[in-house]
Amino acid sequence: AQHGAAANVVFMTLEANRIRLIMELRGQGITDAKVLGAIERVPREVFVPDTFRDQAYENMALPIGSGQTISQPAVVAFMTQELKIGERMKVLEVGTGSGYQAAVLAKLCRRLYSIERHRELLVEAERKFRELRINNITAKVGDGTKGWPEQAPFDRIIVTAAATREIPHALLDQLAPDGLMIAPMGDTARDQHLYRFSFDAEGNLEQEKMWPVRFVPLIGEEEGKASG
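The sequence shown runs 13 to 240 under the numbering used here.
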């Protein structure tokens, strides 16, 4: 009975923290009710290592292994809100990571395709999708900079690792004409910003600079080989 009581306390604490996080996100300008609803319905504690479970609803990034992190909830919420996802859309995510961002996106779109470089992270993320019965995510191990040509075009593309100079052309090529892509970019971790990419009526690429952020670097096959 003691164990049950302890588990109940943990659950109540997580629940209270989750509500507090939603209020905090509202205060930071996340106003889209669908996005807030998706974040509320995805249990972030499932996606963080057990050692950080009590911090699952703090508005901070946390380490998840393989030198990667689970993004800060505010960044997940902001990127998701700026993507303006419709429920019939097909979305590509570059960098599955913990799977948390994917789980949030999956609540909002018809189908999510997600690519991850680290096999062990992908295996773990897929296990969590099954555990939470999320059935509209297709994920694979691969070089995210090449996108997923067989499934293109995508209505939305989200990149959760930072390119240095420019966004890989393969990704822009896989964006639908009226699509949107959100990706972090910057020469160093200190000067990264989120950018929104879209095409105008003539098919010219437009990019808009948004929030300052800090993401792990986006590594393609070539750099991966060089850095081992």
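Each residue gets a CB set at the ideal place from its N, CA and C atoms; glycine is no exception.
Whole-angstrom Cβ separation of Ala174 and Gly156, contact assumed at under 8 Å?
Counting from one through the sequence shown, the residue named residue 174 turns up at place 162. Counting from one through the sequence shown, the residue named residue 156 turns up at place 144. With a Cβ gap of about 12 Å, Ala174 and Gly156 do not count as contacting.
Pair within 8 Å by beta-carbon distance, Lys152 and Ile127
Here residue 152 refers to the residue found at position 140 of the sequence shown. Here residue 127 refers to the residue found at position 115 of the sequence shown. Result yes, Cβ atoms of Lys152 and Ile127 sit closer than 8 Å.
With DSSP as the reference, identify every bridge partner of Lys102, one or two as the case may be.
Start at 1 with the first residue of the sequence shown, and residue 102 comes out as number 90. DSSP output for Lys102 lists Arg123 as bridge partner(s).
3 or more residues per run - each beta strand (DSSP E) lying fully within the region 73-103
74-77 and 80-82
Suppose you measure from the CA of Ser239 to the CA of Phe59; what does that come to, to the nearest Å?
To locate residue 239, count along the sequence shown from 1; it is residue 227. To locate residue 59, count along the sequence shown from 1; it is residue 47. Residue placement at Ser239 cannot be trusted, given a pLDDT of 31 that sits under 50; the coordinates are not used to answer.
Here's the rule I'm using: 16 or more other beta-carbon atoms within 10 Å means buried, otherwise exposed. How should Phe23 be labelled?
Counting from one through the sequence shown, the residue named residue 23 turns up at place 11. It is exposed - the Cβ of Phe23 has fewer than 16 other Cβ atoms within 10 Å.
Closest residue to Thr176 among Leu206, Gly159 and Ile149 (Cα-Cα distance):
Taking the sequence shown and counting its residues from 1, the one referred to as residue 176 is at position 164. Nearest C-alpha to Thr176: Leu206.
What number of angstroms, rounded off, separates the C-alpha of Leu95 from the C-alpha of Arg30?
Locating residue 95 in the sequence shown gives position 83, where the first residue counts as 1. Locating residue 30 in the sequence shown gives position 18, where the first residue counts as 1. Distance between the alpha carbons of Leu95 and Arg30 is about 23 Å.
Name, in chain order, the residues that DSSP records as bridge partners for His205.
Here residue 205 refers to the residue found at position 193 when the sequence shown is read from its first residue. Paired residues: Met197 and Pro224.
According to DSSP, is Leu230 helix, strand or coil?
As a working mapping, residue 230 is identified with position 218 in the sequence shown. Here Leu230 sits in coil by DSSP.
Give every residue of the same chain whose Cβ lies closer than 6 Å to the Cβ of Val106, excluding the five residues on either side of it in the sequence, and list them in chain order.
On the sequence shown, residue 106 is found 94 positions in, with the first residue counted as 1. Closer than 6 Å at the Cβ level, and outside the excluded window around Val106, lie Ile127, Gly156 and Val171.
Would you kindly check if the distance between the Cβ of Ala188 and the Cβ of Gly159 is under 8 Å?
For the purposes of this step, residue 159 is taken as residue 147 along the sequence shown, with counting starting at 1. For the purposes of this step, residue 188 is taken as residue 176 along the sequence shown, with counting starting at 1. No. Outside cutoff.
Can you pull the DSSP bridge partners for Glu218?
Taking the sequence shown and counting its residues from 1, the one referred to as residue 218 is at position 206. Ser210, per the DSSP bridge assignment.
Alpha-carbon to alpha-carbon, Met193 and Gln163
Numbered from 1 along the sequence shown, position 151 holds the residue referred to as residue 163. Numbered from 1 along the sequence shown, position 181 holds the residue referred to as residue 193. The alpha-carbon atoms of Gln163 and Met193 are separated by roughly 16 Å.
Mark Met35 as exposed unless 16 or more other C-beta atoms lie within 10 angstroms of its C-beta, in which case mark it buried.
Walking along the sequence shown from the start, residue 35 turns up at place 23. It is exposed - the Cβ of Met35 has fewer than 16 other Cβ atoms within 10 Å.
When His130, Leu104 and Pro61 are compared against Ala118, the one with the closest alpha-carbon:
Counted from its first residue, the sequence shown places residue 118 at position 106. The shortest C-alpha separation from Ala118 is found at Leu104.
Decide yes or no for the touch test of the region 37-54 against the region 72-84: beta carbon pairs closer than 8 Å, at least 3 of them.
no
Applying the criterion that 16 or more other CB atoms from any shown protein chain within 10 Å of the CB defines a buried residue, is Val135 buried or exposed?
Position 123 of the sequence shown, counting from 1, holds the residue named residue 135. Val135 is exposed by the Cβ-count criterion.
Bridge partners for Glu57 per DSSP, in chain order?
The residue you call residue 57 lines up with position 45 of the sequence shown. In DSSP, Glu57 forms no bridge with anything.
By a C-beta neighbour count over all protein chains shown, 10 Å radius and 16 as the cutoff for buried, is Asp212 buried or exposed?
Counted from its first residue, the sequence shown places residue 212 at position 200. Flag for Asp212 reads exposed.
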